[in-house]
Amino acid sequence: MSLRTHLQNHPGFLVWSWKITERLLLAQRGLFERLGLERSSRLVHWLEKPLKKVLFDCRMCGQCILHYTGMTCPMTCPKQLRNGPCGGVCMDGTCEVIPENDCVWVKVVERSAKTPWEQELSRLNPPVDWRLENLASWVTFAMGLDQTTVGGKEGAVHAEDGRQ
Ligand code: SF4
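Numbered according to the working numbering, the sequence shown terminates at residue 642, and the numbering increases by one at each position without gaps.
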């Protein structure tokens with residue numbers, strides 16, 4: 479088992495790290511706003527990109543939700559699904575596109591149960607805004623640019639919100 483898989487299967491350290499990182503990033507919001515999105519991204523890219531590549535196989539979508547998906551990057555799904563699995567998950571939990579791999583969303587569900595954010599699995603994540611691709615998600619997060627939700631409402635929309 480790789481170190482990445484071990485850390486993701488036992489996400490306590492990753493959860494702790496994200497909580498610290500989140501606080502640090504939010505404290506830098508004013509600085510990022512003064513510098514602007516592009517310059518701020520260049521400033522933190524050198525750290526975020528290699529670190530998240532090693533830890534999560536990050537694809538630099540620029541709008542990170544992995545703390546809501548069991549510290550498992552949804553963009554590593556061959557279909558890049560951000561709101562649950564497709565209908566092609568095999569009965570043994572493997573992926574129909576890459577049969578030798580486990581379905582990313584099977585892992586998301588298993589690992590989310592070990593994080594404080596399991597209830598966020600019902601969050602309806604907006605489609606990827608490709609204009610943010612390759613920008614630093616740490617910056618888009620701190621500046622609130624990754625917070626666009628379905629329907630443009632304030633705050634997250636969850637699946638149960640639509641129930642009659
Ligand atoms: S920034 Fe996007 S591609 Fe990178 S780990 Fe987060 S969700 Fe995955």
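Yeah, the Cβ is synthetic: ideal placement off N, Cα and C, and Gly gets one too. As the structure is a computational prediction, the values presented were derived from the model and not from experiment.
Residue environment, residue i, which counts as buried when at least 16 other CB atoms sit within 10 Å
i, result
"Trp583", "buried"
"Gln642", "Low local confidence applies: a pLDDT of 44 at Gln642 is under 50, so the model's placement there is unreliable, with the coordinate-based value given in what follows. Looking at its Cβ environment, which holds fewer than 16 other Cβ atoms inside 10 Å, Gln642 is exposed."
"Ser480", "exposed"
"Cys568", "exposed"
"Arg530", "One point to set straight first is that residue 530 is Lys, not Arg, in the sequence displayed. Classification of Lys530: buried, given that the 10 Å Cβ count is 16 or more."
Cβ neighbours of residue i in the same chain (closer than 7 Å, five flanking residues each side left out)
i, result
"Lys497", "none"
"Glu596", "Ser590"
"Thr572", "Asn579, Asp580, Cys581"
"His545", "Trp496, Trp595"
Heavy atom of the ligand SF4 within 7 Å of residue i beta-carbon
i, result
"Arg589", "no"
"Cys542", "yes"
"Lys530", "yes"
"Cys555", "no"
"Phe619", "no"
"Ser495", "no"
Neighbourhood of residue i by C-beta distance below 6 Å, restricted to the same chain and skipping five residues each side
i, result
"Lys592", "Pro489"
"Asp624", "Gln541, Thr618"
"Ser519", "Leu613, Ala614, Val617"
Close Cβ partners of residue i (< 8 Å) along its chain, the five nearest in sequence each way excluded
i, result
"Lys499", "Strictly speaking, residue 499 in this sequence is Thr, with Lys absent from that position. Excluding sequence neighbours, Thr499 sits near Trp616."
Beta carbon of residue i nearer than 8 Å to that of residue j
i, j, result
"Thr550", "Lys585", "yes"
"Glu588", "Gly548", "yes"
"Leu424", "Leu533", "The structure shown has nothing for residue 424, since the chain only spans 479 to 642."
"Leu521", "Leu513", "yes"
Any non-hydrogen atom of the ligand GDP closer than 7 Å to residue i Cβ
i, result
"Ser518", "The ligand GDP is not among the ligands present in this structure, which contains only the ligand SF4."
Touching or not, the region 610-622 and the region 500-509, by the rule of three or more beta carbon pairs under 8 Å? yes
Are the region 606-618 and the region 530-550 touching, with three or more C-beta to C-beta distances below 8 Å? yes
Three or more C-beta pairs under 8 Å: does that hold for the region 569-585 against the region 600-607? no
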